[in-house]
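>
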């Protein structure tokens, strides 16, 4: 199935196989509908994944097919990206990385470049009220002055760090009712991220340098420091999403190297 979506302010074509839709997406959306019905109030869902997995595109595709279904509930997909610190802040603050001082703007996208306090406040508020959600504009490379009113019955929040198992960030998990995580091999993501930068105008040499200095660290950090999700997915080598089931001992069936510590999600 091919559809045109607006991703980060740009039109693009997304394509998913019938197998993905029938075996992964439809069962997932059915699960979310049931959980929303059981809860009786807004359902907050996290979709976390390393860079390059296509999580933003997936979140918008899920929104589209859900809205086209006959569900009695409404569905919105929103992004963590609106919680980036503004460019002015990133250009005037630093972090220490591998023993040296690094400008935040040079590592934009890592957890330290987000306003975690504001994010936590708004995710918590989602359970009881409509929220004006900040939006990131990739054409401006900064947070937009505009906001998005979030008031749907089911709200899907997507971002790299929503299930990050590190101090301060791990507290976010208690504010979601259901979580999804996409796992993928680092080599596969490397190729996808380099190709993405080249489509954006960089040479292969420039794209590979950017991957080494920025994207790779974020990919490895997500994969090695994530809390386990309620609905784990795997991005296979043929670039299709597969649902991985969780066994009684909280491991992921069929995936020996899935990294994640399972905890109880609570509203």
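Residue numbers (our numbering): 135 to 401.
Beta carbons: idealized from backbone N, C-alpha and C, even for Gly.
If you pair each beta-carbon of the segment 185-192 with each one of the segment 308-322, do three or more pairs fall below 8 Å?
Yes, the segment 185-192 touches the segment 308-322.
> Quick check on residue 220: buried or exposed, where buried means 16 or more other Cβ atoms within 10 Å of its Cβ?
It counts as exposed.
> In angstroms with no decimal places, state the Cα-to-Cα distance between residue 197 and residue 346.
Each residue's Cα considered, the two are about 33 Å apart.
> List the whole-angstrom C-beta distance separating residue 280 from residue 269, where the pair is believed to meet the contact cut-off of C-beta under 8 Å.
With a Cβ gap of about 6 Å, residue 280 and residue 269 count as contacting.
> For residue 225, does the three-state DSSP call read helix, strand or coil?
In the structure shown, residue 225 sits in coil (DSSP, three-state: anything other than H, G, I, E or B).
> Tell me where the alpha helix (DSSP H) around residue 327 begins and ends.
320-333 is the span of the alpha helix (DSSP H), which, as asked, contains residue 327.
> Would you decide whether residue 264 is buried or exposed? Buried here means 16 or more other CB atoms lie within 10 Å of its CB.
Under this definition residue 264 is an exposed residue.
> Mapping the DSSP letters down to three states, classify residue 242 as helix, strand or coil.
Here residue 242 sits in strand by DSSP.
> Run the CB neighbour count on residue 176, radius 10 Å, all protein chains shown included, and call it buried at 16 or more, exposed below.
So residue 176 counts as buried.
> Assuming residue 264 is part of the beta strand (DSSP E), what are its boundary residues?
Taken as a continuous stretch (DSSP letters only), residue 264 belongs to no beta strand (DSSP E), as it is neither H nor E.
> Out of 274, 282, 137, 276, point me to the one whose CA is closest to residue 267's CA.
Nearest of 274, 282, 137, 276 to residue 267, Cα basis: 282.
> Kindly indicate which three-state DSSP category residue 303 falls into: helix, strand or coil?
If DSSP states are grouped into helix, strand and coil, residue 303 belongs with the helices.
> So, residue 297 versus residue 182, is the Cβ gap smaller than 9 Å?
Yes, these two residues count as a Cβ contact at 9 Å.
> Which residue wins for smallest C-alpha separation from residue 208, given the options 275, 285, 355, 259?
Closest option to residue 208, Cα to Cα, is 285.
> Exposed or buried, which one is residue 291 when buried takes at least 16 other CB atoms within 10 Å?
Burial call: buried.
> Are there three or more Cβ pairs, one per stretch, closer than 8 Å when the segment 150-161 is compared with the segment 369-380?
Result yes; three or more Cβ-Cβ pairs closer than 8 Å.
> Would you tell me roughly how many angstroms separate the C-alpha atoms of residue 180 and residue 352, rounded to the nearest one?
Answer to the nearest angstrom: the Cα atoms are 18 Å apart.
> With a threshold of 7 Å on Cβ separation, who are the neighbours of residue 167 within its own chain once the five nearest residues in sequence on each side are excluded?
Within the same chain, residue 167 has close Cβ partners 205, 207.
> Report the partner residues of residue 234 according to the DSSP bridge assignment.
231.
> Whose C-beta lies closer than 8 Å to the C-beta of residue 340 among residues of the same chain, with five residues either side of it excluded?
Only 331 meet the Cβ criterion.
> Using alpha carbons as the reference points, say which of 362, 293, 178, 136 lies closest to residue 215.
Among 362, 293, 178, 136, the Cα nearest to that of residue 215 belongs to 293.
> Is it buried or exposed for residue 329, if we count other Cβ within 10 angstroms and need 16 for buried?
Exposed: under 16 other Cβ atoms inside 10 Å.
> Taking only the alpha-carbon atoms, compute the straight-line gap between residue 248 and residue 224 and give it to the nearest angstrom.
Roughly 10 Å between the two C-alpha positions.
> Starting from residue 369, trace the beta strand (DSSP E) both ways and give me its first and last residue.
Its beta strand (DSSP E) spans residues 365-369.
> Which residues in the same chain have their Cβ closer than 6 Å to the Cβ of residue 150, if we skip the five residues on either side of it in sequence?
Correct list, in chain order: 135.
> Note down the Cα distance separating residue 252 from residue 212, rounded to an integer number of angstroms.
Their backbone Cα atoms lie some 15 Å apart in a straight line.
> With DSSP as the reference, label residue 204 as helix, strand or coil.
Residue 204 falls in the coil class under three-state DSSP.
> For residue 287 versus residue 170, is the C-beta spacing smaller than 9 Å?
Their beta carbons are under 9 Å apart, which means residue 287 touches residue 170 by this criterion.
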